[in-house]
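In my numbering, the protein residues as written are 3 to 249.
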């Protein structure tokens, strides 16, 4: 669900222009300067899709600072199902909005998917044993390469049969300048010509927890996982029987 952002036309002070453009201030910023108007404003956590109607009256033309303290409000989200609402997982990602959840029912899905910067939760209905994404030797199974953060969640899949496509790195998962949450997956039977047969991270800080990473291979480094210029949070994973020529 998306709530509209509505306000009466302010004068051309800089913060007012930001509102007119439909933009929001960064998370944590609660100071605004503008001319006397009644506005309906604000973002909950600094994303375009999350707006809370809040009437605000400015009584003096130059009021130096106005502090807005927002209450804790939950976001109404949409839950989509694959293949009910979308025939493929990628179509579900592309058709969802930030904050949505895409639930994938049991089955084997032959796809190579990309989150494309979406802050969504992609999860299986019944866990990795019954929900498989097969990369079909056509590239990385799951790619995060558009600045995804912790709100981009991959939860509960088996990722198999992927090969590193981006500079031949990352067969199962590639995180490139992205920091998603990767949890409760089985990442197995993937390969990379260079680094990171199971998971490859470049300049990324993902959260990687409760996964089984096994039976992956890399021709150079990191059969199970390879992280370069990255600071991942890694906990409660089973990492075993992966192979690489150099470690």
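C-beta: ideal position from N, C-alpha, C; glycine also.
Check: Excluding five sequence neighbours on each side, which residues of the same chain lie with their C-beta closer than 6 Å to the C-beta of residue 173?
Finding: 164, 165, 166, 192, 193, 194, 199
Checklist line | One or two residues paired with residue 169 in a DSSP bridge | finding: Answer is none; residue 169 lacks a bridge partner.
Next item on the list: Specify, as a first and last residue, the run of the beta strand (DSSP E) that residue 210 falls within.
Entry: 209-211
Note to self: Between which residues of its own chain and residue 119 is the CB-CB distance below 7 Å, once the five residues before and five after are set aside?
What the structure shows: 148, 149, 150
Next item on the list: Could you tell me how far apart the beta carbons of residue 145 and residue 116 are, in whole angstroms, since I believe they sit closer than 8 Å?
Entry: 4 Å
Notebook entry, point to check: Which residues mark the beginning and the end of the beta strand (DSSP E) in which residue 105 is found?
Noted result: 103-106
Checklist line | Cβ shell of residue 240 (< 8 Å), same chain only, five flanking positions each side left out | finding: Taking C-beta separations shorter than 8 Å and ignoring five residues to either side along the sequence, the partners of residue 240 in its chain run 213, 214, 215, 216, following chain order.
Next item on the list: Note down, in chain order, each residue of its chain lying with its Cβ closer than 6 Å to the Cβ of residue 2, except the 5 sequence neighbours on either side.
Entry: Lying outside 3 to 249, the shown extent of the chain, residue 2 is not represented and no answer is given.
Check: Per DSSP, what kind of secondary structure is residue 225 in: helix, strand or coil?
Finding: Residue state for residue 225 is assigned as coil, using DSSP reduced to three classes.
Next item on the list: Given a cut-off of 8 Å, decide if residue 133 and residue 104 are closer than it, judged by their beta-carbon atoms.
Entry: Contact: no.
Next item on the list: Counting only runs of 3+ residues fully inside the stretch 123-150, write out the beta strand (DSSP E) ranges in chain order.
Entry: 123-126, 133-136, 144-146
Next item on the list: Would you mind reading off the limits of the alpha helix (DSSP H) that contains residue 96?
Entry: Per DSSP, the continuous alpha helix (DSSP H) segment holding residue 96 begins and ends at 91-97.
Next item on the list: My understanding is that residue 93 touches residue 114, with C-beta atoms under 8 Å, so please give their C-beta distance in whole angstroms.
Entry: With a Cβ gap of about 13 Å, residue 93 and residue 114 do not count as contacting.
Notebook entry, point to check: Which of helix, strand or coil does DSSP assign to residue 194?
Noted result: Three-state result, residue 194: strand.
Notebook entry, point to check: Leaving out five residues before and five after residue 83 in sequence, what residues of the same chain have Cβ atoms less than 7 Å from its Cβ?
Noted result: 105, 107
Notebook entry, point to check: With 16 other CB atoms within 10 Å as the buried threshold, where does residue 219 fall?
Noted result: By the neighbour-count rule (16 or more Cβ atoms within 10 Å), residue 219 is buried.
Checklist line | Exposure label - residue 46; buried when at least 16 CB within 10 Å | finding: Only weak support exists for where residue 46 lies, its pLDDT of 36 falling under 50; the coordinates are left without a value.
Check: Is it right to say residue 152 is buried, meaning 16 or more other beta carbons lie within 10 angstroms of its own, or is it exposed?
Finding: exposed
Checklist line | Cut-off 8 Å between Cβ atoms - residues of its own chain near residue 129, not counting five sequence neighbours on either side | finding: Leaving aside the five residues that flank residue 129 on each side, the residues in its chain whose CB is nearer than 8 Å to its CB run, in chain order, 158, 186.
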